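Asker: The structure's right below; bear with me while I get my questions together.
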DNA sequence: ATGAAAGCGCTAACAG
DNA sequence: CTGTTAGCGCTTTCAT
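Chains as they are written, first to last, in my numbering: chain L, 16 to 346; chain P, 16 to 346.
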């Protein structure tokens, strides 16, 4: 087994000296330093992180928990996180939970178990008390998806206001029969986006129909296609659709395309997120742009606040969003 | 500090007994067991993984190194990896390198440093000797991108044969002026796909022109759009394009769309990977389907072979691929 | 069935 | 400038 003792022995010095060389303390004589470095590179020695982290009780590792990486939405947030984390000389471990509570728990335990110094959490914890308890003792930031009832710092956007804006845009374009393709309402964001949708309709006295309110437990293209199929079979067909995710909206557009229908002439479509693909569709997708990179970098900054000054409270933030108008709603 | 000693003290037993309870050894008296469990849950104790892993010298953690998560191509491979890894009671840490050698090195060192038990590597290592050296001592599998000169197990597809097939399809459809939108030729896959492209053209005696051979250092939609812009300005405009990645192909399609051109009437386009988005474009994209999930799960199986029987060699594999013909090449 | 104690690899306080 | 040593939290062998 190659360890610090072996290196010390080979170099004819003590383990303390080797440790000093490894950590660049500068208190080692030039000659000794070189001697030790030579042995290190000859043996190809790398200090064992477990020993070091155990001793230092820090890992300089941040865990980022996402439901999935198949939604490009997360890619840009993670990029924002990475850039800040790297600047602080930490590294990111990305973990996917598939929104399964048991997997969330296993990963969150890594923080308790000192494997990582903190966690940015983008998934709704089903066991709310567990998450709160973790956050009480360790650095935890909620990102995008959050729970207002908990006392855990979060960063997100105002989903209600954003979806209100999206639906109002459709209303402004003259639509009166507007459907919503939602995801699963166990998610806070889904509830909020529905709230904004309803608010806009109510404000303008427009009809709210059950057959225009669709839910999806999965968030993928197929779900969007299926939802559109249902809407096209509705007794009273909507003329516009608000999808709470670009993924769903793109699936919906595809389904229209398959049926020989055009957006926005036949049905207008608005998405949410502004993932890079949203501008690649034909027609290009009108959508709500979330400041994804900013969300990620803010989340990371908040986490470091918590790591560096655990006792000072970190304030939560809701960032601005922007309606990006493209062809799918514009004649 | 909450540790095994504290628990032992509170429960009035020795640390050894607590350890036995934690690890379910079954050799503890029922009564003692319950007493200890009560204390554990009261104190909300979680064993420190650093201590445990240091002692056991295993982490039950697998690292997966990808260049980026913004290409959905990786999402499905990672899914395949996850499913196998989870079955073995391990967990996956995903790390993004942006194809930067220094970042690759930092993460790869985590294997040497005993933080993880093995690594699946999907990025070209710039420091080839370093990777070989790591693979000589620790479990390493190359996935998708690999280096034939190294003695490291890999799993991928036959890129040359696949791109030959894609280009031959275009030839069969009557095209004689065929361009290639490639990525950076530092990548093995890029070199191989170009090779297949050239082979098909040569075999059919078709012209090979420099202005039809484009390279991109970045792999994103913009790169695809830019490449298409260049091709549309070529002295001799191609009638078909082979893009080595769906991302590039979709960007190219978008650019055509912006210029009022249709695929395949004006220019036919073939992509590569068959990411989910490829069937969502309008027109839908003809592409080479890689068995992404299978690639991932095979990679994980190979890694566990290496972990469980380090001295037995693991044989590399090239999996089959399939040409998926869609609207972008079919009248 | 339980406890005492060694030791995994490392760092840092202390001594010299 | 360098060495000795305690101890981070855990598991396991050896006693009892």
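We put the CB at the ideal spot given by N, CA and C, even for glycine. Quick caveat, the model's predicted, so the values are computed rather than measured.
1) Measure the alpha-carbon distance for residue 96(P) versus residue 79(P) and round it to whole angstroms.
2) Determine the chain P residues that contact residue 66(L) at a beta-carbon separation under 7 Å, and present them in chain order.
3) Taking the DSSP output, what are the residues bridged to residue 106(P)?
4) Based on the DSSP output, what are the partners of residue 153(L) in its beta bridges?
5) So, does the segment 254 to 270 of chain L touch the segment 295 to 302 of chain L, judging by three or more C-beta pairs under 8 Å?
6) Checking the sheet assignment: what are the DSSP bridge partners for residue 286(P)?
7) Could you list the residues in the segment 121 to 134 of chain P with a C-beta less than 8 Å from some C-beta on chain L, going in chain order?
8) Please go through the segment 153 to 222 of chain P and give each complete alpha helix (DSSP H) segment of 4 or more residues, from N-terminal end onward.
9) I want to know whether the segment 48 to 63 of chain P touches the segment 53 to 60 of chain L - three or more CB-CB distances under 8 Å.
10) Where does residue 248(L) land, buried or exposed, given buried means 16+ other C-beta within 10 angstroms?
11) Could you give the DSSP three-state label for residue 133(L): helix, strand or coil?
12) Can you pull the chain L neighbours of residue 148(P), defined as C-beta to C-beta under 8 Å?
13) Please report whether the beta-carbon of residue 233(P) lies at a distance below 8 Å from any beta-carbon of chain L.
14) Spatial neighbours of residue 203(P) within its chain, please: C-beta separation below 7 Å, excluding the five flanking residues on both sides.
15) Quick one: any contact between the segment 122 to 129 of chain L and the segment 165 to 183 of chain L, if contact means 3 or more CB pairs under 8 Å?
16) Residue 236(L) CB to nearest chain P CB: under 8 Å?
17) Go through its chain and collect everything with a Cβ distance to residue 226(L)'s Cβ below 6 Å, but skip five positions before and after it.
18) Rounded C-beta distance between residue 66(P) and residue 69(L)? I'm assuming under 8 Å.
19) So which of 217(L), 121(L), 38(L) and 306(L) has the shortest CA-CA distance to residue 336(L)?
20) Measuring straight from C-alpha to C-alpha, what distance separates residue 234(L) and residue 49(P)?
21) What are the residues of the segment 279 to 304 of chain P that lie near chain L, defined by any Cβ-Cβ distance shorter than 9 Å?
22) I'd like the span of the alpha helix (DSSP H) that includes residue 47(P), first residue to last.
23) In terms of residue numbering, what span does the alpha helix (DSSP H) encompassing residue 309(L) cover?
24) Among residues of its own chain, excluding the 5 on either side of residue 123(P), which ones have a beta-carbon nearer than 6 Å to its beta-carbon?
25) Determine the DSSP secondary structure at residue 337(P), reduced to helix, strand or coil.
26) Would you mind working out which of 290(L), 121(L) and 118(L) sits nearest residue 86(L), comparing C-alpha positions?
27) Are the C-beta of residue 93(P) and some C-beta of chain L separated by less than 8 Å?
28) Between residue 137(L) and residue 119(L), what straight-line distance do the alpha-carbon atoms span, to the nearest angstrom?
29) So the alpha helix (DSSP H) residue 257(L) belongs to, where does it begin and stop?
30) Quick check on DSSP: helix, strand or coil for residue 229(P)?
31) At 8 Å on the CB atoms, spell out the chain L contacts of residue 84(P), in chain order.
32) Does the Cβ-Cβ distance between residue 300(P) and residue 341(P) come in under 8 Å?
33) Only counting the same chain, and skipping five residues up and downstream in sequence, which positions put a Cβ closer than 8 Å to that of residue 74(P)?
Answerer: Well, looking at it:
1) For the purposes of this step, residue 96(P) is taken as the residue at position 81 of the second chain. For the purposes of this step, residue 79(P) is taken as the residue at position 64 of the second chain. Cα to Cα, residue 96(P) sits roughly 9 Å from residue 79(P).
2) Along the first chain, one-based indexing puts residue 66(L) at 51. Per Cβ cutoff of 7 Å: 69.
3) As a working mapping, residue 106(P) is identified with position 91 in the second chain. Note: residue 106(P) sits in a beta bridge opposite 76(P).
4) As a first step, residue 153(L) is located in the first chain; it is residue number 138 there, counting from the start. Residue 153(L) is not bridged to any residue.
5) yes
6) For this step, residue 286(P) is matched to residue 271 along the second chain. In DSSP, residue 286(P) forms a bridge with 302(P).
7) Listed by position, the residues of the segment 121 to 134 of chain P near chain L (Cβ gap below 8 Å) are 121, 122, 124, 125, 127, 128, 129 and 130.
8) Contiguous alpha helix (DSSP H) elements confined to the segment 153 to 222 of chain P occur at 174 to 187 and 203 to 218, taking only those with 4 or more residues.
9) no
10) Within the first chain, the letter at position 233 stands for residue 248(L). Looking at its Cβ environment, which holds fewer than 16 other Cβ atoms inside 10 Å, residue 248(L) is exposed.
11) Mapped onto the first chain, residue 133(L) falls at position 118. In the three-state scheme derived from DSSP, where H, G and I count as helix and E and B as strand, residue 133(L) is classed as strand.
12) Residue 148(P) sits at position 133 when you count from the first residue of the second chain. Within chain L, the residues near residue 148(P) are 59.
13) Along the second chain, one-based indexing puts residue 233(P) at 218. No, residue 233(P) does not count as interfacial toward chain L.
14) Taking the first residue of the second chain as position 1, residue 203(P) is located at position 188. Here the set comprises 139, 160, 161 and 162.
15) no
16) Position 221 of the first chain, counted from the first residue, corresponds to residue 236(L). Residue 236(L) counts as touching chain P.
17) Residue 226(L) sits at position 211 when you count from the first residue of the first chain. Within the same chain, residue 226(L) has close Cβ partners 249.
18) Counting from one through the second chain, the residue named residue 66(P) turns up at place 51. Counting from one through the first chain, the residue named residue 69(L) turns up at place 54. With a Cβ gap of about 6 Å, residue 66(P) and residue 69(L) count as contacting.
19) Sequence index remark: in the first chain, residue 336(L) carries index 321 (1-based). It is 306(L).
20) To locate residue 234(L), count along the first chain from 1; it is residue 219. To locate residue 49(P), count along the second chain from 1; it is residue 34. If I take the Cα positions, the gap works out to 43 Å.
21) 291, 292, 294, 295, 296, 297, 298 and 299
22) Indexing the second chain from 1 puts residue 47(P) at position 32. It spans 45 to 58 - the alpha helix (DSSP H) in which residue 47(P) sits, taken as one unbroken run.
23) On the first chain, position 294 is the one that residue 309(L) refers to. Per DSSP, residue 309(L) belongs to the alpha helix (DSSP H) from 307 to 323.
24) Taking the second chain and counting its residues from 1, one reaches residue 123(P) at position 108. Closer than 6 Å at Cβ, skipping near neighbours: 149.
25) Along the second chain, one-based indexing puts residue 337(P) at 322. If DSSP states are grouped into helix, strand and coil, residue 337(P) belongs with the strands.
26) The residue labelled residue 86(L) in the question sits at position 71 within the first chain. Ranking 290(L), 121(L) and 118(L) by Cα distance to residue 86(L) puts 290(L) first.
27) Numbered from its first residue, the second chain carries residue 93(P) at position 78. Yes, because at least one Cβ of chain L sits closer than 8 Å to the Cβ of residue 93(P).
28) Numbered from 1 along the first chain, position 122 holds the residue referred to as residue 137(L). Numbered from 1 along the first chain, position 104 holds the residue referred to as residue 119(L). Each residue's alpha carbon lies about 10 Å from the other.
29) Counted from its first residue, the first chain places residue 257(L) at position 242. First-last for residue 257(L): 255 to 258, but that is the beta strand (DSSP E), not the alpha helix (DSSP H).
30) Working through the second chain from its first residue, we reach residue 229(P) at position 214. The three-state reading of DSSP puts residue 229(P) in strand, counting E and B together.
31) For the purposes of this step, residue 84(P) is identified with residue 69 of the second chain, where counting begins at 1. The contacting residues are 84, 89, 90, 93 and 109.
32) Start at 1 with the first residue of the second chain, and residue 300(P) comes out as number 285. Start at 1 with the first residue of the second chain, and residue 341(P) comes out as number 326. For residue 300(P) and residue 341(P), yes; Cβs fall inside 8 Å.
33) Sequence index remark: in the second chain, residue 74(P) carries index 59 (1-based). The residues are 64, 68, 129, 130, 131 and 132.
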